[in-house]
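Asker: Would you mind keeping the following structure in view while I ask a few things?
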Amino acid sequence: QLSEVLFLDLGIPTENLRRTKTGVSTASPELQKLKGKYPIISLIEEYRERFKLNTTYLDVLPRLVDGDSRLHTTFHQASTATGRLSSSDPNLQNIPIRSVWGERIRSAFVASPGKLLIGADYSQIELRVAAHLSGDENMMEAFARGEDIHRRTASIVFGVLPEDVSDEMRRRA
412 QLSEVLFLDL
422 GIPTENLRRT
432 KTGVSTASPE
442 LQKLKGKYPI
452 ISLIEEYRER
462 FKLNTTYLDV
472 LPRLVDGDSR
482 LHTTFHQAST
492 ATGRLSSSDP
502 NLQNIPIRSV
512 WGERIRSAFV
522 ASPGKLLIGA
532 DYSQIELRVA
542 AHLSGDENMM
552 EAFARGEDIH
562 RRTASIVFGV
572 LPEDVSDEMR
582 RRA
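The numbering used here numbers the first residue of the sequence shown as 412 and each following residue consecutively.
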């Protein structure tokens, strides 16, 4: 239905978009190719984000609280290939950090009186281990200086100064 509205009713061009068995793909990576050209694309992405947050968290979290209105996740120590902790029931690690709606959901978590909520991050432990094991001087220097490793990598990949690295270049690198 979305494909019909976008590409037939609104006449948005479909060149460079992936095709599926049923027509032109409306998957997020395909719609990203159209972002900025058609205002409806941003609205669709916003709707999808809100819908996912609603069905994944807002509809589910109230059913998971205990008798004291507290929510308790379950941490798993050996369930990821990277050795990181993961959580379930609910998976609190997937609540977006860089989104207004994700921040609003996170703000609902409040520690019991006299208790603290903490966020613990190994700060790119896999990349730090890779730098150490490979002996890559660029990576080790970036970590030693406290630099953004992804910005430094993009700077090298694209041959520009770190301050000239765009967010898109950083993501791609």
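Positions of the beta carbon are idealized from the N, C-alpha and C atoms, including for glycine.
To the nearest angstrom, how far is the alpha carbon of Ala438 from that of Glu574?
Answerer: Whole-angstrom Cα-Cα distance: 32 Å.
Asker: If you drop the 5 nearest sequence neighbours on each side, which residues of the same chain put their C-beta closer than 6 Å to that of His487?
Answerer: Excluding residues within five positions, the ones whose Cβ falls inside 6 Å are Ser497.
Asker: What does a CB cutoff of less than 8 Å around Leu421 pick up in its chain, not counting 5 residues either side in sequence?
Answerer: Hits under 8 Å: Tyr449, Ile451.
Asker: So what's Glu486 in DSSP terms, helix, strand or just coil?
Answerer: Just to set this straight, residue 486 is Phe in the shown sequence, not Glu. Residue state, collapsed to three classes: strand.
Asker: Which residue spans inside the segment 485-571 form an unbroken alpha helix (DSSP H) run of at least 4?
Answerer: The qualifying runs are 511-517, 536-545, 548-555, 560-569.
Asker: For a quick check, are the C-beta atoms of Glu456 and Lys444 less than 9 Å apart?
Answerer: The answer is no: Cβ separation not under 9 Å.
Asker: Does DSSP classify Val476 as helix, strand or coil?
Answerer: Note: Val476 maps to strand in three-state DSSP.
Asker: Are the segment 527-542 and the segment 553-566 touching, with three or more C-beta to C-beta distances below 8 Å?
Answerer: Yes: the two stretches touch, three or more of their Cβ pairs being nearer than 8 Å.
Asker: Taking its Cβ as the centre, do 16 or more other Cβ atoms sit within 10 Å of Tyr468, making it buried, or is it exposed?
Answerer: Label assigned to Tyr468: buried.
Asker: Tell me whether Ile506 is buried or exposed, calling it buried when 16 or more other Cβ atoms sit within 10 Å of its Cβ.
Answerer: So Ile506 ends up on the buried side.
Asker: Around the Cβ of Arg509, are there at least 16 other Cβ atoms within 10 angstroms (buried) or fewer (exposed)?
Answerer: Result: exposed.
Asker: Since Val476 and Pro501 are thought to touch, with beta carbons under 8 Å apart, how far apart are those beta carbons, to the nearest angstrom?
Answerer: The pair is not a contact, with the Cβ atoms about 10 Å apart (cut-off 8 Å).
Asker: Do you know how far the Cα of Arg517 is from the Cα of Leu442?
Answerer: Taking the straight line from one Cα to the other gives about 28 Å.
Asker: Going by the DSSP bridge assignment, what does Gly447 pair with across the sheet?
Answerer: According to DSSP, Gly447 bridges with nothing at all.
Asker: Looking at Thr425 and Val435, is the spacing between their C-beta atoms short of 9 Å?
Answerer: Cβ distance < 9 Å, so Val435 and Thr425 count as in contact.
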